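Here UniProt numbering is used: the first residue of the sequence shown is 1, the next is one more, and so on.
Positions of the beta carbon are idealized from the N, C-alpha and C atoms, including for glycine.
As the structure is a prediction and not an experimental result, all values here were calculated from the model.
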Amino acid sequence: MLTDTPDSLRIPVAVIAERRPANSPWADWSWRVVEVLAEAPALPPWTLLRQEAGRSLFLAGHAELALHPTDTSNYKHNLESGAPRLWVVLRPASGEPGMALHTVTADPGEAHLYADVGNDTLESLPLPDFLRAPLEEYVARHHRERGFTKRRRDRADPEALARRRPGRTGDDGPYGNGPDGDGPDGGGEGE
């Protein structure tokens with residue numbers, strides 16, 4: 001997670017999640033994020049909102065969509081995709097109901113990182129209308145195109161790549177054969 005800067009922006013949101021019986025021998029429940037809201041009642045996280053036919057609807061909790069100036073190229077790419085998305089991450093928890101709201105992001109790169117974590121539930125939703133304008137404004141204000149800069153490498157040290165006999169230290173010379181590296185006694189090979 002990035003540290004806030006003076007140009008960072010945090011937008012409060014509320015997340016609604018649904019739990020239903022899983023059709024799996026490995027899990028009891030299946031979770032999905034239903035909606036992200038601009039405002040929600042002041043209820044504690046994981047308040048049951050509705051229950052019917054084995055499905056339960058919860059106020060998963062309140063979160064902040066954090067926008068950082070260094071990530072504007074990812075936000076811009078998301079907005080220009082034609083169908084901008086918002087990602088919500090739920091993480092298994094020990095208490096009831098068994099999940100915790102972890103984060104909300106508009107950064108596809110950050111979402112990709114959470115996709116690689118085994119137990120997290122990553123849900124992708126269409127970007128809500130109430131977030132589109134602030135995100136577009138943030139990108140317009142803070143985005144700077146950065147040109148590609150090829151990194152120049154230092155030349156390799158050929159001595160660092162030399163073979164050494166097992167059990168010898170670097171003080172034995174570049175070939176591990178003596179103080180000056182010329183042989184067992186330092187006087188050249190085979191002398």
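Who are S30's beta bridge partners in DSSP?
-> R20
Pair every Cβ in the stretch 6-16 with every Cβ in the stretch 47-65, then say whether three or more of these pairs are closer than 8 Å.
-> yes
Buried or exposed for H68, please, with buried defined as at least 16 other CB atoms from any protein chain shown within 10 angstroms of its CB.
-> buried
What's the C-alpha gap between E191 and R155?
-> Residue placement at E191 is poorly supported in this model, since its pLDDT is 46, which falls under 50; the coordinates still yield a value, given next. Distance between the alpha carbons of E191 and R155 is about 35 Å.
Taking three-plus beta-carbon pairs below 8 Å as touching, is the stretch 32-47 in contact with the stretch 95-115?
-> yes
If you count every other CB in all the chains shown that lies within 10 Å of the CB of L86, and 16 or more means buried, which is it?
-> buried
Where does H143 sit, in a helix, a strand or coil, going by DSSP?
-> coil
Hey, out of D28, E145, R20, whose CA is closest to A53's CA?
-> R20
DSSP state of P12 mapped onto helix, strand, coil | strand
For the 8 Å Cβ check, are there 3 or more pairs between the stretch 138-153 and the stretch 116-127?
-> no
Alpha helix (DSSP H) segment containing S56, residue limits = Where S56 is concerned, there is no enclosing alpha helix (DSSP H), although the beta strand (DSSP E) it sits in stretches over 55-67.
Leaving out five residues before and five after N119 in sequence, what residues of the same chain have Cβ atoms less than 6 Å from its Cβ?
-> P92
Residue range of the beta strand (DSSP E) that includes P25 = P25 -> no beta strand (DSSP E), and no H or E assigned at all.
Quick one: give me the first and last residue of the beta strand (DSSP E) that A106 is part of.
-> Unbroken run through A106: none, as it is neither H nor E.
Reference A133, options P84, R55, V89, closest by Cα = P84
What's the gap between the Cα of S8 and the Cα of H112?
-> 21 Å
Report, in whole angstroms, the separation of the C-beta atoms of W46 and P97, which I expect to be a contact under 8 Å.
-> 6 Å
Spatial distance of E159 from T149 (CA atoms) | 30 Å
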